[in-house]
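S.K.:
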Amino acid sequence: MTSKAYLKERDFKRKNSKKLYTSIESGKFKGKKLLLPSLSTTRSTKSIVKACVFNVLRDILRDKIFIEVFGGSALMAAEALSNEALKAYAIELDYKAYHIALENAKNISSEIIALQGDSFKILPDLVCDLNKKELILYFDPPFNIRDGFDEIYERVYELIKNLNTSHIVYIIIEHYSLVKTPQNLGIFNLIKVKKFGSTSLSFYTI
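In my numbering, each residue's number is its place in the sequence shown (first place is 1) plus 630.
Here it is in C-alpha cells:
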C-alpha cells in the first residue's frame, strides 16, 4: 500500500469511527449528552419531533412509565425521564444500538431500562408486568420504505390492538408521512397528527 493510500484509509477509518452525540433537550437532565448509533444502524428522532412529543406529554408524564418501542439508543426514554416520568424503558433489537442505549442509561439514570430483543415479543409481556402503573407508549418503527419492512405498520397496529390496554393512557406512533394511520386502534382513538417533512406523529388516547 502506498503512503497516500494508507493515509486515505486511515482518515476514512477515523471519520467513520467518530462517535456521534446529541443531548437531552428539556427537563431536569437538559444538556446531558447522549451517544447516537451510526446513521446506518437506526434512524434517530429529529429534534423538532422530540420537542413536539414532550410539549404534548410534559403535563401528564409525572408518575407514569414511558416505553419506547423500537427504542434505538433510548433517546426518547431519556427525554421522558428528564420530564418526570417515573421510569422509562427502551426496547431495541439491534445489538449495537442496544449497547449504546445501555451506555446512555448508565450515564443518565438507573431508571432508564434498556431491553434487547424483538419489540413484538417483549412489549406484550412488559405491559402485563407493569400493570400497577399507567403507561405511555411511544412507537418508532423503521419506515416502511426500508427493505423488508413493507408491512411494519400493519404489524404495529395489530400489536397495539392485542395489548392489555387497561393501564395504557397514551400512545404515540412516529411514522413516514405518506402513511395514513387508522382512526381507531382497539379502544384508542386518533386525536391528532403532526407532520414534520417526511416524519409524522399520530397521537392516540382512550
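Just so it is clear, CB atoms sit at the ideal spot from N, CA and C, and this is done for glycine as well.
1. For N819, list the residues DSSP reports as bridge partners.
2. With DSSP run on the structure shown, which of helix, strand or coil describes K649?
3. Looking at D770: is its Cβ nearer than 9 Å to the Cβ of G702?
4. Going by DSSP in three states, H797 sits in which element: helix, strand or coil?
5. Secondary structure at V699, three-state DSSP: helix, strand or coil?
6. What is the rounded straight-line gap between the Cα of A720 and the Cα of F773?
7. Excluding the 5 residues flanking K717 on each side, which residues of the same chain have their C-beta closer than 6 Å to its C-beta?
8. Using only alpha-carbon positions, find the residue among V823, T835, L753, L666 that is nearest to Y806.
9. Within 10 angstroms of its Cβ, does L808 collect 16 or more other Cβ (buried), or is it exposed?
10. Whole-angstrom Cβ separation of G661 and S653, contact assumed at under 8 Å?
11. Checking the sheet assignment: what are the DSSP bridge partners for H630?
12. Given a cut-off of 9 Å on the beta-carbon distance, is the pair I801 and F818 in contact?
13. Just list the beta strand (DSSP E) runs in the stretch 754-783, keeping only unbroken ones of 3 residues or longer that don't cross its boundaries, in chain order.
14. According to DSSP, which residues form a beta bridge with E804?
M.R.: In brief:
1. Along the sequence shown, read from residue 1 onward, the residue named residue 819 stands at position 189. In the DSSP output, where bridge partners are listed per residue, N819 has N814, T835.
2. Indexing the sequence shown from 1 puts residue 649 at position 19. Coil, per DSSP.
3. Taking the sequence shown and counting its residues from 1, the one referred to as residue 770 is at position 140. Taking the sequence shown and counting its residues from 1, the one referred to as residue 702 is at position 72. Going by C-beta atoms, D770 is nearer than 9 Å to G702.
4. Translated into positions along the sequence shown, residue 797 becomes position 167. Here H797 sits in coil by DSSP.
5. Walking along the sequence shown from the start, residue 699 turns up at place 69. Strand.
6. Numbered from 1 along the sequence shown, position 90 holds the residue referred to as residue 720. Numbered from 1 along the sequence shown, position 143 holds the residue referred to as residue 773. One C-alpha to the other measures close to 18 Å.
7. Stepping through the sequence shown from its first residue, residue 717 is reached at position 87. Same-chain partners within the cutoff: I695, E741.
8. Within the sequence shown, numbered from 1, the residue matching residue 806 stands at position 176. Of the candidates V823, T835, L753, L666, the one whose C-alpha sits nearest the C-alpha of Y806 is V823.
9. Counting from one through the sequence shown, the residue named residue 808 turns up at place 178. Under a 10 Å Cβ-count criterion, L808 is classified as exposed, with fewer than 16 other Cβ atoms of the shown protein chains found around its own Cβ.
10. The sequence position of residue 661 within the sequence shown is 31, counting from 1. The sequence position of residue 653 within the sequence shown is 23, counting from 1. About 6 Å separates the two Cβ atoms, so the contact holds.
11. Residue 630 lies beyond the range of the chain shown here (631 to 836); nothing can be said about it.
12. On the sequence shown, position 171 is the one that residue 801 refers to. On the sequence shown, position 188 is the one that residue 818 refers to. Contact: yes.
13. Restricting attention to beta strand (DSSP E) runs no shorter than 3 residues, the stretch 754-783 encloses them at 765-769, ordered along the chain.
14. Translated into the one-based positions of the sequence shown, residue 804 becomes position 174. Bridge partners of E804: L831.
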